[in-house]
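Per the working numbering, the sequence shown starts with residue 65, numbered consecutively.
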Amino acid sequence: MVGPPPGSPLLTISLQGQVVRTIALGDQVLTIGRLPDNGVVLPDQSVSRRHAEIRLDPSGLVVTDLGSAGGTFVGTEALLPSRPVVVAAGDPIRIGPFVLSWAPAAIRIEIPGRALPVVAPPDDWTPPPRISESNVVPIEARPRFTSANALGPVSRYLYDMPAIFQDPGASTNGSGPPDMSADGKKAPFLGRMLLIFESLWEPLEQRQNAIAMYYDPRTCPAEFLSWLASWLQLSIDRHWPEPRRRRLLREAMDLYRWRGTSYGLSRMIEVCTGITPTITEDPARPYTFQIRVRIPPGSDVRREFIEYLVKAHKPAHVGYALEFAA
Numbered sequence: 065m066v067g068p069p070p071g072s073p074l075l076t077i078s079l080q081g082q083v084v085r086t087i088a089l090g091d092q093v094l095t096i097g098r099l100p101d102n103g104v105v106l107p108d109q110s111v112s113r114r115h116a117e118i119r120l121d122p123s124g125l126v127v128t129d130l131g132s133a134g135g136t137f138v139g140t141e142a143l144l145p146s147r148p149v150v151v152a153a154g155d156p157i158r159i160g161p162f163v164l165s166w167a168p169a170a171i172r173i174e175i176p177g178r179a180l181p182v183v184a185p186p187d188d189w190t191p192p193p194r195i196s197e198s199n200v201v202p203i204e205a206r207p208r209f210t211s212a213n214a215l216g217p218v219s220r221y222l223y224d225m226p227a228i229f230q231d232p233g234a235s236t237n238g239s240g241p242p243d244m245s246a247d248g249k250k251a252p253f254l255g256r257m258l259l260i261f262e263s264l265w266e267p268l269e270q271r272q273n274a275i276a277m278y279y280d281p282r283t284c285p286a287e288f289l290s291w292l293a294s295w296l297q298l299s300i301d302r303h304w305p306e307p308r309r310r311r312l313l314r315e316a317m318d319l320y321r322w323r324g325t326s327y328g329l330s331r332m333i334e335v336c337t338g339i340t341p342t343i344t345e346d347p348a349r350p351y352t353f354q355i356r357v358r359i360p361p362g363s364d365v366r367r368e369f370i371e372y373l374v375k376a377h378k379p380a381h382v383g384y385a386l387e388f389a390a
């Protein structure tokens, strides 16, 4: 393994106290995210697709949060989106479960006669499970709020009518439309009739104000999930747990973007089953994926389903060898 160029600044990535990767920093801008097309890939669900970017500057390492969902932290301070911040050497940068720190070339420790090795993950190190039904908090039944009936005795729409239609002799208490006239007569007929229209239109107005939530897989009603999936030609098993169905819809565009690649296949299996497979390519057997899957005891995932996912989402010209570990 070739190490970083001598004298180059280093970015160190740690997970749960273990150094999992070191990267030599240059003058290029590196993006950080969970997708493979980033310069620094942090494979965890809490990391956004394009989470942040870093670049070297004469004043230090400049970190910019790209509007991530989980946030980027320097020490305990959360960075504002799209606001570059200079980070001093040694200050921890936290992104999801990962901790990043950098060291300039001036303070690197060189060992005479030895090249500085690239710090690789230990042989027995495996990343924590990103997705599984056991570590996902169950989604409780969402409360449903019914719109309140229009309050009388007259509709507040009466205020929007021309003055000629309002009762000039009615009194107001400063908290709403007129209710009873000064001589104790009933409220105007028009004001009472408008209660009908207010009761019909106000619930629609309130729903319209929150219409975006009906098209978001994170917030839409559970019965909308299959309907949203039909927009993307996704087949969702209605017997799946609700968190899994929402997760598949939320990841659908990225999954289609990476379809036909080993990453896309691995991610599809992970999202649909909660199990992360190991996919390797043997140079001695070109155009063949070696796929190893370990199904935990007690899991309801079937081998036939995993093989179906492999056939449906592997590259068309690539064969595969599927192995199920004990």
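We treat Cβ as the ideally placed atom computed from N, Cα and C, and that holds for glycine.
query, result
"Of the listed residues 120, 296, 93 and 308, nearest to residue 114 (C-alpha basis)", "93"
"Contacts around residue 156, its chain only, beta-carbon distance under 6 Å, and the 5 residues preceding and following it disregarded", "163 and 165"
"Short CB-CB distance (under 7 Å) between residue 357 and chain D", "The chain inventory of the structure shown lacks chain D, comprising one protein chain alone."
"Inter-residue CB distance, residue 219 and residue 255 (contact presumed, cutoff 8 Å)", "6 Å"
"Beta strand (DSSP E) segment containing residue 129, residue limits", "124-129"
"Beta-ladder partner(s) of residue 142, from DSSP", "137"
"Cα-Cα separation between residue 405 and residue 354, rounded to whole angstroms", "This structure cannot speak to residue 405, because the chain is shown only from 65 to 390."
"Residue environment, residue 96, which counts as buried when at least 16 other CB atoms sit within 10 Å", "buried"
"Nearest-angstrom Cα separation, counted from residue 372 out to residue 329", "11 Å"
"Exposed unless 16 or more other CB atoms sit within 10 angstroms - verdict on residue 109", "buried"
"Supposed contact pair residue 293 and residue 391 - C-beta distance, whole angstroms, cut 8 Å", "Residue 391 is absent from the model: the chain starts at 65 and stops at 390."
"Nearest neighbour of residue 130, chosen from 142, 124 and 217 [CA to CA]", "142"
"Reduced DSSP secondary structure (H/G/I, E/B, other) of residue 351", "coil"
"7 Å Cβ shell around residue 290 - same chain, five flanking residues per side excluded", "300 and 302"
"Sheet register partners of residue 291 (DSSP bridge)", "None, per the DSSP bridge assignment."
"8 Å Cβ shell around residue 111 - same chain, five flanking residues per side excluded", "96, 97, 98, 132, 134, 159, 160 and 162"
"Beta carbon of residue 152 nearer than 7 Å to that of residue 168", "no"
"Per-residue DSSP class, three states only, for residue 365", "coil"
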